[in-house]
Amino acid sequence: MTNEKVDVVIVGAGASGSVYASVLAKAGKKVVLLESGPDWQLTDLISSEIWGRRVKPAGAPILLEGKNPMAYAAQGGWGVGGAALHYYANFPRLLPTDFRMKSEHGRGHDWPIAYEDVAPFYDKVAREIGVSGDARAEEKWRPAGEAYPMPPMKTFRNGNIWLKAFEASGIPMVPAPVGMNSVEFKGRPACLYDGWCHVGCPIGALANPQVTYLGEARKAGAEVRAWSTVTRVLTNPAGTRVTGVEYYDDKHQKQTQEASVVLLAAWSAQNPRLLLNSATDKHPKGLGNASGLVGHFMMSHHVASTWAMFDEDVQNHMGTIAVQYMSYERYPKKSHDGAFGSSFVTAGFAVKTTDLANSRADLYGPELADYMKRAARNLAGIKTFGEEQPNVENRVELASEKDEFGMPLGRLIHSFDSDAVALWNANFEEGLNVARASGAKEAWSARGTMPTSHLLGGTIMGTSAANSVVNSYGQSHELPNLWVAGPGIFPTEGASNPTFTIFALSQRGAERMASQWGTLTN
Amino acid sequence: MTNMGRRGFVKGATLGALAFTVGGVEAIMAPGEARARNVPFRLLDAHQGETLEALGETLVPQAREAGIAHYIDQQLSVPPHEALLQARIFNVRPPFADFYRTAIVSIDESSRRILGRDFAQLSAADQREFVGRMRQNKIEGWTGRPGAAVYAVLRADAVDVVYGTMEGYEALGIPYMPHITPEKRW
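Chains as they are written, first to last, in my numbering: chain G, 812 to 1333; chain R, 23 to 208.
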């Protein structure tokens, strides 16, 4: 079945797709978002870790391989809002050095743009959806920008208890910027600090797409079609333009949605899968893949978690899942001898019973029961995110197995290199030193399987089709009306949580698309 | 934006405890209640249920009484995208029943080979020792998914039924503070 042609069809109704939908619908464009999962409502966001799993990834699995398989299900999204429906909303930005990795360090890639090109959009996003934090305090590490529209979030003992130890270790901590409301913002209430952010915030204090960009997009006329799984991007016979997408609807009926512009915003692993599965005789390696780089340079962050048990009640049930404090002090790429890459240091966050149990994953039986009682009020943690360098071997490719619609499954192959492992170890060592200096009666590193957090790359931006898949706006080098959005277009990842940058790049890309509309539809 | 109440003002209208079949009629109850009422399993056989209870109790005390086997059984009977099992978070590929069935087979095969009887028939001390070795992938001749992965998923399920509920929070003295309260205190 063929639907009426629209201006823009957006594949994926998560963070990046929602920004585009809002900007373009407000610009008068007819926008349709196709989302493979349900259309979650705020009333679906039950305060329960158990029920909260409903909003985590489902549908066709991604096959995971490599030394460090990407553990995407714990953090990924499924359905309207995507991962941003239940994200932690830590909003650190990338720093200028992240954009110049090749020229400064001979590693990875240079971005085709500089920090200064993105900075105005960080500020714009903050004004649009609300960010709480202290910009002046951060500016010891980054260029000055606008103040955040809301003051920092409240802090609790589980965060404050670390401050002296960090100071003694030469790591100044400042209030963390978060996409949450410390005060009422644009009619959305202030946070209640009960730590259920990771299963979704039904009051709208967390800046999820439903209460920000996607809500605005819907008001401006954008249509969201849930349970709609896109399997191919379609092209004209000459292979010079995309013409729309093929998808299966909520009744598993095959549909075609024609559009002047196609935007892929289906997450770092799914966008390459779609491009590769859309191969034609004119694009035998897949769309936008003359470089052979579609699916390559997948990246993840590693996380060094340090836990400590205190004698006092640290109120660890209070706060948000986002962190209270952060530091860029270890962000310079050579902060640790024998290791390379940025580290982003954080402390202070609410924990739930799953976190308590996972903080000592080796315990079971009566020892676990005893530990849970002690940890219930006395456990606190610090987490240091570490950068991975882009590696062409870390990739998404098509598998021979197929999903229920006959589309090949994606296979995600990921291994951390020796730089990443060295940085992870260095961050553990420093975290343990801080914890020991904090007065904790016990402190330990949460080692075990090396964690993967966030997934970036696969459709990286660059200066030409020789070195990348898209330009700095997310536009395909080869097909002018095919665009890609989200963390997949990052050519390097830094150590900062990516969503603020995803929003900023999407805002920048969407405004570009709107302003250059005439060139896209010729 | 939907006009939502603040903490606890709104309940999840369509969600409650799990649906169990009693005498051909679906009834909503917590897994522990289903166990206490001897609700028949939907997919598991008696031995599988007994083994899951023994494993759960070894991993997290009170998991048996909290109905871990009934919880897993009920969750295996719903479509994977509706499942609340930790298998989903651990990137286990559906159907999840395959994971649990093969895990039970691996555990029993190893238990019989090393200790001469099925896991559920071992003494509590032997069960504990066995699980400790399974956690460390130190059971020789083990087949199937790595023991550490089986440990992680089953332990997480047991943590859910014992500590993940409102009663679990209450037992630990942690204020639950829901925005939207799960019905039936689940």
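For glycine and all other residues, C-beta sits at the position ideal for the given N, C-alpha and C.
Query                                                                                                                             : Result
Sequence-distant residues of the same chain with beta carbon closer than 7 Å to ILE1313(G), five excluded per side                : ALA826, SER827, GLY1297 and PRO1298
ALA838(G) to GLN1021(G) span [Cα, whole Å]                                                                                        : 19 Å
Chain R within 8 Å of ALA1219(G), Cβ atoms only                                                                                   : For the record, residue 1219(G) in the displayed sequence is Pro; it is not Ala. Chain R, which has no Cβ nearer than 8 Å to the Cβ of PRO1219(G), makes this no.
Exposed unless 16 or more other CB atoms sit within 10 angstroms - verdict on ASN60(R)                                            : exposed
Interfacial residues, the stretch 75 to 89 of chain R to chain G, with Cβ spacing under 7 Å                                       : THR80, LEU81, VAL82 and PRO83
C-beta contact flag for LEU1087(G) and GLY1106(G) at 8 Å                                                                          : yes
Reduced DSSP secondary structure (H/G/I, E/B, other) of MET984(G)                                                                 : coil
Against chain R: residues of the stretch 1177 to 1188 of chain G by CB proximity under 8 Å                                        : PRO1177, LEU1179, ALA1180, MET1183, LYS1184, ALA1187 and ARG1188
Meets three-Cβ-pair contact criterion under 8 Å: the stretch 1154 to 1163 of chain G and the stretch 989 to 999 of chain G        : no
Every unbroken beta strand (DSSP E) within the stretch 872 to 924 of chain G, with a cutoff of 3 residues, ordered by chain       : 874 to 876
Per-residue contacts from GLU1140(G) into chain R (C-beta, under 7 Å)                                                             : Per Cβ cutoff of 7 Å: no residues; GLU1140(G) is ~33 Å from chain R at best.
Partner residues on chain G for VAL172(R), Cβ-Cβ distance less than 9 Å                                                           : The contacting residues do not exist; VAL172(R) stays about 12 Å from chain G at best.
Contact set between the stretch 993 to 1016 of chain G and chain R, restricted to residues whose Cβ is under 8 Å from the partner : GLY998, ARG999, PRO1000, LEU1003, ASP1005, GLY1006, TRP1007, CYS1012, PRO1013, ILE1014 and GLY1015
Residue span of the beta strand (DSSP E) that contains VAL1038(G), given as start and end                                         : The sequence as given places Trp at residue 1038(G); Val does not occur at that position. From DSSP, TRP1038(G) is part of no beta strand (DSSP E); its letter is neither H nor E.
7 Å CB neighbourhood of ALA56(R) in its chain, flanking five on each side removed                                                 : PHE42, GLY89 and HIS92
Limits of the alpha helix (DSSP H) - the one that THR1157(G) falls within                                                         : It is not in any alpha helix (DSSP H) - THR1157(G) instead sits in the beta strand (DSSP E) that spans 1154 to 1158.
Listed by chain order, chain R residues near LEU875(G) by CB distance under 7 Å                                                   : ASN113
Per-residue burial, GLY1329(G) [other beta carbons within 10 Å of its own, 16 or more giving buried]                              : exposed
Length of the line joining the Cα atoms of SER980(G) and VAL1245(G)                                                               : 7 Å
Interfacial residues, the stretch 842 to 872 of chain G to chain R, with Cβ spacing under 9 Å                                     : GLY848, PRO849, GLN852, LEU853, THR854, ASP855, LEU856, ILE857, SER858, SER859, GLU860, ILE861, TRP862, GLY863, ARG864, ARG865, LYS867, PRO868, ALA869, GLY870 and PRO872
Endpoints, the beta strand (DSSP E) within which MET1110(G) is located                                                            : 1110 to 1120
Check whether LEU1209(G) and GLY1197(G) have beta carbons under 8 Å apart                                                         : no
Neighbouring residues, chain G, relative to PRO53(R) (Cβ below 8 Å)                                                               : Going along chain G, no residue has its Cβ under 8 Å from PRO53(R), so there is no contact; the nearest lies around 11 Å.
Cα-Cα separation between TRP862(G) and SER128(R), rounded to whole angstroms                                                      : 29 Å
Secondary structure, alpha helix (DSSP H): runs of 4+ residues fully inside the stretch 83 to 139 of chain R                      : 90 to 98, 108 to 111 and 118 to 137
Per-residue DSSP class, three states only, for PHE1196(G)                                                                         : strand
Residue burial classification, THR1332(G) (beta-carbon count within 10 angstroms, cutoff 16)                                      : exposed
Boundaries of the beta strand (DSSP E) in which TRP1294(G) is found, first to last residue                                        : 1293 to 1295
Proximal residues, the stretch 1115 to 1131 of chain G versus chain R, C-beta separation under 8 Å                                : HIS1128
CB contact check: TYR1175(G) to chain R, cutoff 8 Å                                                                               : yes
Inter-residue spacing [alpha-carbon to alpha-carbon] between ALA35(R) and ILE857(G)                                               : The predicted model places ALA35(R) with a pLDDT of 30, which falls under 50 and marks its position as unreliable; any figure quoted below should be read in that light. Using only the alpha carbons, I get a separation of about 10 Å.
Spatial distance of LEU853(G) from ARG1036(G) (CA atoms)                                                                          : 17 Å
Amino acids of chain G, ordered along the chain, whose beta-carbon sits closer than 9 Å to that of LEU194(R)                      : THR1164, LEU1167, MET1183, LYS1184, ALA1186, ALA1187 and ARG1188
Any C-beta of chain G under 8 Å from that of PRO200(R)                                                                            : yes
LYS840(G) and VAL820(G) closer than 8 Å at C-beta                                                                                 : no
Span of the alpha helix (DSSP H), counted from its first residue to its last, around ARG150(R)                                    : 146 to 157
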